[in-house]
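See below for the structure under consideration.
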Amino acid sequence: MNKKTTLKLNRDFRRLYYKGSSAVHPLIVTYASKNRLGYNRIGITVTKKIGKAVCRNRCKRIIRAAFAQVNTQIEQGWDFVFVARMKTPQAKSTELEPVLKKQIQSLTRPDKSKPNANPAKAKGRSPKKNLPKGQKASEHRGAAREQ
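One point on numbering: in this note's numbering, the residue at position 23 of the sequence shown is 23, and numbering is uninterrupted.
Written out as C-alpha cells, the structure is:
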C-alpha cells in the first residue's frame, strides 16, 4: 500500500460515512463511494473498543492483507472505508477476503432498482395512497371525484 492509495484526511472519511453506500457484516463494515481517480483508495478505522494498540494494529494488517488480494479482482476508481468490528481480531485475512469481495461487489455494481424504485414517481404520477381495507383504488378515486 503506498501513500497515495490510502485515505488520511478526516473530510474523506466523513464524505464516505455520510454520502457513501454501506454494507454490514459481523466481521467488518464497508463504506464505498466513487472517486475521480483511476485507482482505489482505502481507509481503515479501528476503535479503542476493539482492544489495545497491538490488537488494533493486527486488525489493520488483516484488513490490508485481505484488501490487497481482492483489489486486483474489483473495479477501480472507488474509495473504501473499512470499520473493524469486535470479531475482526480473531479472524484471518483468508476468512475476511470473501466477505470483503462480496461487500465490495455489492457496493460497486450499478443498482438497477434505484432509478425506478417507485415507478409511479418515474412516470410523473403520485404514488398510490394507503386505502382502507377492502376498498379498491378505482372506488377510492371515484369517491374523491363525486365530492
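By construction, the Cβ of each residue, glycine as well, lies at the ideal position given by its N, Cα and C atoms.
As the structure is a computational prediction, the values presented were derived from the model and not from experiment.
Task: CA-to-CA distance, LEU27 to GLN105, given in whole angstroms - done: 17 Å
Open item on the list: Assess contact between the stretch 37–49 and the stretch 92–101, defined as three or more Cβ pairs (one per stretch) separated by less than 8 Å. Is contact present?
Closed with: no
- [ ] Pull up the DSSP beta-bridge partners for VAL24, would you.
- [x] VAL29
TODO: In angstroms with no decimal places, state the Cα-to-Cα distance between ASN35 and PHE13.
DONE: 13 Å
TODO: State the beta-bridge partners of GLY43 as determined by DSSP.
DONE: VAL81
- [ ] For GLU75, collect the residues of the same chain with a Cβ closer than 8 Å to its Cβ; drop the 5 residues on either side in sequence, then sort them by chain order.
- [x] THR108
- [ ] Taking LYS19 as the reference, give the member of GLN90, PHE67 and VAL81 with the closest Cα.
- [x] Nearest neighbour of LYS19 by Cα position, chosen from GLN90, PHE67 and VAL81, turns out to be VAL81.
Open item on the list: Is the separation between the beta-carbon of THR6 and that of ARG41 shorter than 8 Å?
Closed with: yes
Task: Selected residue, minimal CA-CA separation from ASP79, among CYS55, THR94, PHE67 and GLN90 - done: PHE67
Task: Contacting residues, own chain, Cβ-Cβ under 8 Å from ALA117 (five flanking each side not counted) - done: Reliability of the predicted coordinates at ALA117 is poor, the pLDDT of 45 falling under 50, and the value obtained from them is presented with this limitation in mind. Hits under 8 Å: none found.
Task: Expected contact under 8 Å - CB spacing of TYR31 and LEU16 to nearest Å - done: Taking 8 Å as the upper bound for CB-CB distance, TYR31 and LEU16 are in contact here, some 4 Å apart.
Task: Simplified DSSP assignment, three categories, for THR5 - done: helix
TODO: Look at VAL70 and VAL29 and say whether their C-beta atoms are less than 8 Å apart.
DONE: Contact: no.
Task: ALA122 versus GLU95 - alpha carbon distance - done: Because the pLDDT of ALA122 is 47, which lies under 50, any placement of that residue in the model is unreliable, and the question is left without a value.
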